[in-house]
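Each residue of the sequence shown is one higher than the one before, counting from 10 in my numbering.
Note that beta-carbon positions come from the ideal geometry of N, C-alpha and C, so glycine has one too.
Nothing here was measured: the structure is a model prediction, and the numbers come from that model.
First up is the structure itself, then whatever we jot down about it.
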Amino acid sequence: MLQRHLNILELLETHERLDVTTLAKQFNISPSTIRKDLEYLENQGLLKRQHGYASRVSSDNINYRMAFNYEAKQAIARKACSLVSDGETILVESGSTCALFASIVAEKKRDVTIITNSTFIPRYIAEHNTNIILLGGDYHPDAEVVVGPLVKLCVSQIYVDKFFVGLSGFSPARGFLNSNISRAEAVQSMAMSANKTYVLADNTKLSKLSTIALFPNKQPSAIISNDPIPEEAMAYFQENEIEYISATT
Numbered sequence: 010m011l012q013r014h015l016n017i018l019e020l021l022e023t024h025e026r027l028d029v030t031t032l033a034k035q036f037n038i039s040p041s042t043i044r045k046d047l048e049y050l051e052n053q054g055l056l057k058r059q060h061g062y063a064s065r066v067s068s069d070n071i072n073y074r075m076a077f078n079y080e081a082k083q084a085i086a087r088k089a090c091s092l093v094s095d096g097e098t099i100l101v102e103s104g105s106t107c108a109l110f111a112s113i114v115a116e117k118k119r120d121v122t123i124i125t126n127s128t129f130i131p132r133y134i135a136e137h138n139t140n141i142i143l144l145g146g147d148y149h150p151d152a153e154v155v156v157g158p159l160v161k162l163c164v165s166q167i168y169v170d171k172f173f174v175g176l177s178g179f180s181p182a183r184g185f186l187n188s189n190i191s192r193a194e195a196v197q198s199m200a201m202s203a204n205k206t207y208v209l210a211d212n213t214k215l216s217k218l219s220t221i222a223l224f225p226n227k228q229p230s231a232i233i234s235n236d237p238i239p240e241e242a243m244a245y246f247q248e249n250e251i252e253y254i255s256a257t258t
């Protein structure tokens, strides 16, 4: 993906919809080149085209979120993979960094079982023939995730050593945050079924606010992120005895 492609997506974050002429002028290229860019991004599921305009897809779309800070997310996913042993069963929540993590685990580790509430992850890693257990629940098509009381019931019957989860934002006052109450409740249930919880989040998430506290009852064991992180975030980790694992080193 070209840097220009990322810049187009960033513009759509602000404007939601832009026409071909405006984009061509913005990047000082021809309308035909912009149309090729938009066609590529549409084929990747990152935007929609209609009548000379480009519009953004849902911000819950995993392919869309995966495009941002991709290299940092890859580094975080690789670091998280180093914590997984061959033959282990792990619990993985939905999200772009978690999907990259699951893909690397599927490629690098042997005989691993992934239990997840993500309907995206099984498709994303299908070529590796990894053993996957998909939790049941209410399906949210935009985020490709299942949530609700059935998820809670399913995970109450299992226990694993490690749970890997992403986040939407962070607050020094409230800790790790998610933007959706159903997703947050699913995370809380999954965290209770694991010995250790690892948060996977690039450092931009630590400067964003969101709405719902992810861990009101049980703090995660560690967070894996990329340097640098905000001082107030590091202070929160130290105060709550949450290990910070740098994916940068």
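Using DSSP with H/G/I as helix, E/B as strand and the rest coil, what is residue i?
i, result
"residue 23", "helix"
"residue 14", "helix"
"residue 98", "strand"
"residue 62", "strand"
"residue 206", "strand"
"residue 56", "strand"
"residue 114", "helix"
"residue 255", "strand"
"residue 236", "coil"
"residue 38", "coil"
"residue 211", "coil"
Less than 8 Å between the CB atoms is what I'm expecting for residue i and residue j, so what's the real figure, rounded?
i, j, result
"residue 210", "residue 106", "7 Å"
"residue 130", "residue 98", "In fact, because the Cβ distance is near 15 Å, the residues do not count as touching under 8 Å."
"residue 171", "residue 207", "6 Å"
"residue 110", "residue 135", "Actually they do not touch by this definition, with Cβ atoms about 16 Å apart."
"residue 173", "residue 89", "6 Å"
"residue 81", "residue 235", "4 Å"
"residue 157", "residue 112", "That belief does not hold up - the Cβ atoms of residue 157 and residue 112 are roughly 26 Å apart, past 8 Å."
"residue 49", "residue 14", "7 Å"
Pull up the distance between the alpha-carbon of residue i and that of residue j, whole angstroms please.
i, j, result
"residue 200", "residue 118", "23 Å"
"residue 35", "residue 151", "30 Å"
"residue 116", "residue 33", "40 Å"
"residue 194", "residue 39", "48 Å"
"residue 204", "residue 45", "48 Å"
"residue 94", "residue 62", "47 Å"
"residue 78", "residue 164", "31 Å"
"residue 26", "residue 42", "18 Å"
"residue 159", "residue 168", "16 Å"
"residue 31", "residue 196", "41 Å"
"residue 184", "residue 148", "27 Å"
"residue 241", "residue 215", "9 Å"
"residue 16", "residue 229", "34 Å"
"residue 51", "residue 96", "38 Å"
"residue 137", "residue 65", "31 Å"
"residue 92", "residue 233", "11 Å"
"residue 54", "residue 181", "34 Å"
"residue 161", "residue 237", "35 Å"
"residue 126", "residue 153", "9 Å"
"residue 59", "residue 47", "10 Å"
"residue 29", "residue 198", "45 Å"
Report the residue from the options whose alpha carbon sits nearest the alpha carbon of residue i.
i, options, result
"residue 121", "141, 110 and 102", "141"
"residue 166", "94, 145 and 243", "145"
"residue 246", "255, 177, 231 and 256", "231"
"residue 100", "20, 22 and 114", "114"
"residue 239", "250, 217 and 226", "217"
"residue 227", "108, 233 and 250", "250"
"residue 178", "254, 148 and 104", "104"
"residue 254", "84, 59 and 148", "84"
"residue 74", "64, 169, 19 and 30", "19"
"residue 57", "91, 37, 161 and 21", "21"
"residue 175", "237, 59, 243 and 102", "102"
"residue 257", "220, 212 and 222", "212"
"residue 221", "12, 248 and 189", "189"
Let me see if you follow: with CB-CB separation under 8 Å, is residue i close to chain B or not?
i, result
"residue 246", "Included in the structure is just one protein chain, with no chain B present."
Item to complete: Could you name each continuous beta strand (DSSP E) segment of 3 residues or more that falls completely within the stretch 159-199, going from the start of the chain to the end?
Response: Taken in chain order, the whole beta strand (DSSP E) runs of length 3 or more contained in the stretch 159-199 are 169-174, 178-180 and 184-187.
Item to complete: Would you list, in sequence order, the uninterrupted beta strand (DSSP E) runs of no fewer than 3 residues that lie entirely inside the stretch 114-155?
Response: Listed in chain order, they are 122-125, 140-143 and 147-149.
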